[in-house]
Amino acid sequence: MVKKWVEKWLKSRKIKAESEYDEAKREFEMAMGKPSITIKVEIPTGFEDLRVEFLSLEKDERFLEEVKDLVKKRLAPKRPRQS
Amino acid sequence: MNPTQMIFILIYLLTILISVTRIVPMSVAALVGALLTAWFGLQYNVFSYEQASGFIDMRLIGLLIGVMIVVEVAQRSGLFRFGALYAIRASKGNPARLFISICVVSAAVSMFLSDTTAMFIMAAATVTITKLLDYDPIPYVLSTAIMVNLSGTSTLIGSEGNMIIGVGTGMSFTDFINYLTICEVILWGLTIFALYMLFKSRLGEKKVLPKYDPWESVENKKLFYRSTLVLVLLIVLFLTLENLGVGPEAVALGCAILALVLSGLDPTEIFKGLDWETVFFIAGFMFVVGGLERTGILNDVSTQLSQLAGGNPLKATMATLWLSGLVSIVVSNIAVALTFIPIITGVSSLNSAAVRSALVLGTNLGGATTPLSGEVCMMTVGTLKREGVSLSFSEFTKAGLTTTMIQLGFASLYLILRFGLGV
Numbered sequence: 021m022v023k024k025w026v027e028k029w030l031k032s033r034k035i036k037a038e039s040e041y042d043e044a045k046r047e048f049e050m051a052m053g054k055p056s057i058t059i060k061v062e063i064p065t066g067f068e069d070l071r072v073e074f075l076s077l078e079k080d081e082r083f084l085e086e087v088k089d090l091v092k093k094r095l096a097p098k099r100p101r102q103s
Numbered sequence: 030m031n032p033t034q035m036i037f038i039l040i041y042l043l044t045i046l047i048s049v050t051r052i053v054p055m056s057v058a059a060l061v062g063a064l065l066t067a068w069f070g071l072q073y074n075v076f077s078y079e080q081a082s083g084f085i086d087m088r089l090i091g092l093l094i095g096v097m098i099v100v101e102v103a104q105r106s107g108l109f110r111f112g113a114l115y116a117i118r119a120s121k122g123n124p125a126r127l128f129i130s131i132c133v134v135s136a137a138v139s140m141f142l143s144d145t146t147a148m149f150i151m152a153a154a155t156v157t158i159t160k161l162l163d164y165d166p167i168p169y170v171l172s173t174a175i176m177v178n179l180s181g182t183s184t185l186i187g188s189e190g191n192m193i194i195g196v197g198t199g200m201s202f203t204d205f206i207n208y209l210t211i212c213e214v215i216l217w218g219l220t221i222f223a224l225y226m227l228f229k230s231r232l233g234e235k236k237v238l239p240k241y242d243p244w245e246s247v248e249n250k251k252l253f254y255r256s257t258l259v260l261v262l263l264i265v266l267f268l269t270l271e272n273l274g275v276g277p278e279a280v281a282l283g284c285a286i287l288a289l290v291l292s293g294l295d296p297t298e299i300f301k302g303l304d305w306e307t308v309f310f311i312a313g314f315m316f317v318v319g320g321l322e323r324t325g326i327l328n329d330v331s332t333q334l335s336q337l338a339g340g341n342p343l344k345a346t347m348a349t350l351w352l353s354g355l356v357s358i359v360v361s362n363i364a365v366a367l368t369f370i371p372i373i374t375g376v377s378s379l380n381s382a383a384v385r386s387a388l389v390l391g392t393n394l395g396g397a398t399t400p401l402s403g404e405v406c407m408m409t410v411g412t413l414k415r416e417g418v419s420l421s422f423s424e425f426t427k428a429g430l431t432t433t434m435i436q437l438g439f440a441s442l443y444l445i446l447r448f449g450l451g452v
């Protein structure tokens, strides 16, 4: 029981430390590296029966490529024209 | 030694052992130690309830919390991140300059932040830039840890250990600066040089840095200016403290209130961000040492040390420096500082500026020798492991032991020259 308690405590400390480090690292990546955005998308109304399929989109590479293309499409017109 | 003294020594050693092995949080270990001290102390009439209530120095707790609030507000403003980004950009992609920039800014950030928070920020900055430039992160992250540990030796608020020694022995902010600034500056230079020589071949080739503006990382410019102003005010007031007629805790708490008012941040969030683990560890351990002191053991140790030194200030200073430095390799510098204060203040021949400065140096310099020397060292290994890089015990110890021995060796020489010992 004590061993379990110790393991649980060590794990909780690790999670706290890791989350603080990840947060700090994300801020530096945003400043120096490639910035990223996180968007929350809810399952569309009428598609509740496709819950599993909806959640799997998060790791669907084809879907992510399509989102990237959408970002490019949105950003391209905002680039100032070179004379 | 009588049975009562043995019980208190056992409680003290158990508290140290549990906090070193981290079986339970350090704060819990110290608080359980305090509870046992209180129970046995009152049971065996070692101290009265009124005497026990004075074991925890509330001035120290006030100073700790005040400084923590000011620094927490500054951290939330992005001040330290801005400093790190600025220093990295200033290196212009030259690996030697990047290495030196990271070392210097790690030490500078750690002068204000707690070592663990400074390490979170600087490890994140270092890992990000070394990844972007495809450099080996080990030399950079390991050097960051060693510089974070070294820094803050010459200021009252540079580390928790310094605050304990300052309040406990009456060393003021200006005393710290007068006695130790030159030593710390030279220690920075020596340590960076030693680390550079150790890692020179592993720093990487010159590369083009990504273009960025550090100023863009500051989201709330008003908060940035205001928190910087309060931080500067805190330092100015510490420097002029003798004219104010109040203790450092009053200045720290006053500035903390000002920071809370000016920042406009949610105080609940600020309070949540404080390092309560350290505050409760210090309070609990102070109580354990207070009980131990009442048994007369620490006074005996103090008298014996004084006799061993034979009234020779050189021997007393060197013994304090090396003993506190070597014990700090394994035990938290907070515990070392709290234990040494009653010993050096117990006998007047030990209570000199040289011995007090030796204690400050000893407790600050031993903390980054092996991966197990403290939280910052463990974080270094953990951070690298998370990035898929393995740092061996021997590789860490090689750099840690080399720099610790250089630092303690130079500190010995400095103390002899600065205080004219043995002359």
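Each protein sequence line maps, in turn, to chains H and L. At position 35 of the first sequence (counting the first as 1) the number is 55 in this note's numbering, and the numbers step up by one without a gap. At position 62 of the second sequence (counting the first as 1) the number is 91 in this note's numbering, and the numbers step up by one without a gap. Cβ coordinates follow ideal geometry from the N, Cα and C atoms, glycine included. Since this is a predicted model, take the numbers as computed values, not measurements.
Using the Cα positions of residue 139/L and residue 295/L, report the straight-line distance between them to the nearest angstrom.
Mapped onto the second sequence, residue 139/L falls at position 110. Mapped onto the second sequence, residue 295/L falls at position 266. If you take the alpha carbons of residue 139/L and residue 295/L, they lie about 25 Å apart.
When 148/L, 116/L, 372/L are compared against residue 412/L, the one with the closest alpha-carbon:
The residue given as residue 412/L occupies position 383 in the second sequence. Cα-wise, what sits closest to residue 412/L is 148/L.
Would residue 99/L pass as a contact of residue 259/L if the rule is Cβ separation under 8 Å?
The residue labelled residue 99/L in the question sits at position 70 within the second sequence. The residue labelled residue 259/L in the question sits at position 230 within the second sequence. With contacts defined as CB atoms closer than 8 Å, residue 99/L and residue 259/L qualify as a contacting pair.
Am I right that residue 157/L and residue 169/L are in contact with their C-beta atoms under 8 Å? What's the rounded C-beta distance?
Your numbering for residue 157/L matches position 128 in the second sequence. Your numbering for residue 169/L matches position 140 in the second sequence. The beta carbons of residue 157/L and residue 169/L sit about 11 Å from each other, so the pair does not count as a contact at 8 Å.
Within 8 Å, do at least three Cβ pairs link the region 254–271 of chain L to the region 59–67 of chain L?
No: the two stretches stay apart, fewer than three of their Cβ pairs being nearer than 8 Å.
Are the Cβ atoms of residue 323/L and residue 241/L separated by less than 8 Å?
For the purposes of this step, residue 323/L is identified with residue 294 of the second sequence, where counting begins at 1. For the purposes of this step, residue 241/L is identified with residue 212 of the second sequence, where counting begins at 1. Against a cut-off of 8 Å, the Cβ pair of residue 241/L and residue 323/L comes out as no contact.
Please identify the residue among 30/L, 246/L, 356/L whose C-alpha is closest to the C-alpha of residue 104/L.
Numbered from 1 along the second sequence, position 75 holds the residue referred to as residue 104/L. Among 30/L, 246/L, 356/L, the Cα nearest to that of residue 104/L is on 246/L.
Contacts that residue 44/H makes with chain L (C-beta to C-beta distance below 7 Å):
What you label residue 44/H is simply residue 24 of the first sequence in a count that begins at 1. In chain order: 149, 150, 153.
With distance defined between alpha-carbon atoms, name the residue in 171/L, 212/L, 373/L, 305/L nearest to residue 423/L.
Within the second sequence, numbered from 1, the residue matching residue 423/L stands at position 394. Closest by alpha carbon: 171/L.
List, in order along the chain, the chain L residues whose C-beta lies closer than 7 Å to that of residue 53/H?
Numbered from 1 along the first sequence, position 33 holds the residue referred to as residue 53/H. Counting only Cβ-Cβ distances below 7 Å, residue 53/H has contacts in chain L at 157, 161, 239, in chain order.
Going by DSSP, what residue range makes up the alpha helix (DSSP H) through residue 331/L?
Within the second sequence, numbered from 1, the residue matching residue 331/L stands at position 302. Looking at the DSSP string, the run of the alpha helix (DSSP H) that includes residue 331/L is 326–338.
Which residues in chain H sit within 8 Å of residue 126/L, going by Cβ to Cβ distance?
Position 97 of the second sequence holds residue 126/L. Going along chain H, no residue has its Cβ under 8 Å from residue 126/L, so there is no contact; the nearest lies around 16 Å.
Can you give the Cα-Cα distance for residue 206/L and residue 346/L, rounded to whole angstroms?
Here residue 206/L refers to the residue found at position 177 when the second sequence is read from its first residue. Here residue 346/L refers to the residue found at position 317 when the second sequence is read from its first residue. Using only the alpha carbons, I get a separation of about 19 Å.
If we count the other Cβ atoms within 10 Å of its Cβ and call it buried at 16 or more, is residue 125/L buried or exposed?
Translated into positions along the second sequence, residue 125/L becomes position 96. Classification of residue 125/L: exposed, given that the 10 Å Cβ count is below 16.
Taking 8 Å as the cut-off, decide whether the C-beta atoms of residue 130/L and residue 153/L are in contact.
As a working note, residue 130/L is residue 101 in the second sequence. As a working note, residue 153/L is residue 124 in the second sequence. In this structure, residue 153/L does not lie closer than 8 Å to residue 130/L by Cβ.
Buried or exposed by the 16-neighbour rule on C-beta atoms within 10 Å, applied to residue 128/L
Looking up residue 128/L in the second sequence gives position 99. Buried, because 16 or more other Cβ atoms sit within 10 Å of the Cβ of residue 128/L.
Integer Cβ distance of residue 270/L from residue 201/L, believed to fall under 8 Å:
Counting from one through the second sequence, the residue named residue 270/L turns up at place 241. Counting from one through the second sequence, the residue named residue 201/L turns up at place 172. Confirmed, Cβ separation roughly 6 Å.
Mind pulling the chain H residues with CB within less than 8 Å of residue 415/L?
By one-based count along the second sequence, residue 415/L stands at place 386. Near residue 415/L (Cβ distances below 8 Å), the residues of chain H are 38, 41.
Is the region 384–403 of chain L close to the region 426–433 of chain L, with three or more CB pairs under 8 Å?
yes
Against chain H, with Cβ distances strictly below 8 Å, would residue 412/L count as a contact?
As a first step, residue 412/L is located in the second sequence; it is residue number 383 there, counting from the start. It does: the Cβ of residue 412/L has a partner Cβ on chain H nearer than 8 Å.
Where does residue 208/L sit, in a helix, a strand or coil, going by DSSP?
Sequence index remark: in the second sequence, residue 208/L carries index 179 (1-based). Of the three classes helix, strand and coil, the one that applies to residue 208/L here is helix, per DSSP.
Helix, strand or coil at residue 420/L [DSSP, three-state]:
Residue mapping note: residue 420/L aligns to position 391 of the second sequence, counting from 1. Three-state DSSP puts residue 420/L in coil, outside helix and strand.
Once DSSP output is grouped into helix, strand and coil, what is the label at residue 30/L?
To locate residue 30/L, count along the second sequence from 1; it is residue 1. Note: residue 30/L maps to coil in three-state DSSP.
Residue range of the alpha helix (DSSP H) that residue 93/H falls in?
Against the first sequence, residue 93/H aligns to sequence position 73. Here the alpha helix (DSSP H) through residue 93/H covers 81–95.
Alpha carbon to alpha carbon, how far is residue 225/L from residue 219/L?
One-based indexing of the second sequence puts residue 225/L at position 196. One-based indexing of the second sequence puts residue 219/L at position 190. Residue 225/L and residue 219/L: Cα-Cα distance of roughly 10 Å.
Ordered list of alpha helix (DSSP H) runs contained in the region 41–71 of chain H, each at least 4 residues:
If we require 4 residues or more, the region 41–71 of chain H turns out to have no alpha helix (DSSP H) run fully inside it.
Is it right to say residue 261/L is buried, meaning 16 or more other beta carbons lie within 10 angstroms of its own, or is it exposed?
Translated into the one-based positions of the second sequence, residue 261/L becomes position 232. Looking at its Cβ environment, which holds fewer than 16 other Cβ atoms inside 10 Å, residue 261/L is exposed.
Residue 76/L, enclosing alpha helix (DSSP H) - first and last residue:
Translated into the one-based positions of the second sequence, residue 76/L becomes position 47. Unbroken run through residue 76/L: none, as it is neither H nor E.
Rounded to whole angstroms, what's the CA-CA distance from residue 49/L to residue 94/H? Just pull it up for me.
Position 20 of the second sequence, counted from the start, is the residue given in the question as residue 49/L. Position 74 of the first sequence, counted from the start, is the residue given in the question as residue 94/H. Taking the straight line from one Cα to the other gives about 55 Å.
Cα-Cα, which of 282/L, 193/L, 185/L is closest to residue 210/L?
Start at 1 with the first residue of the second sequence, and residue 210/L comes out as number 181. Here the closest residue by C-alpha is 185/L.
Reference residue 187/L; option with closest CA among 144/L, 70/L, 307/L, 166/L:
If you number the second sequence from 1, residue 187/L lands on position 158. Comparing Cα positions, the closest option is 144/L.
Residue 98/H versus residue 439/L - alpha carbon distance:
Your numbering for residue 98/H matches position 78 in the first sequence. Your numbering for residue 439/L matches position 410 in the second sequence. For residue 98/H and residue 439/L, the distance between alpha carbons rounds to 59 Å.
Between the CA atoms of residue 67/H and residue 113/L - distance to the nearest angstrom
Along the second sequence, read from residue 1 onward, the residue named residue 113/L stands at position 84. Along the first sequence, read from residue 1 onward, the residue named residue 67/H stands at position 47. Taking the straight line joining both Cα atoms gives about 47 Å.
Could you check how far apart the C-beta atoms of residue 314/L and residue 81/L are, in whole angstroms? I think they sit under 8 Å.
For the purposes of this step, residue 314/L is taken as the residue at position 285 of the second sequence. For the purposes of this step, residue 81/L is taken as the residue at position 52 of the second sequence. Incorrect: roughly 15 Å between the Cβ atoms, too far for contact.
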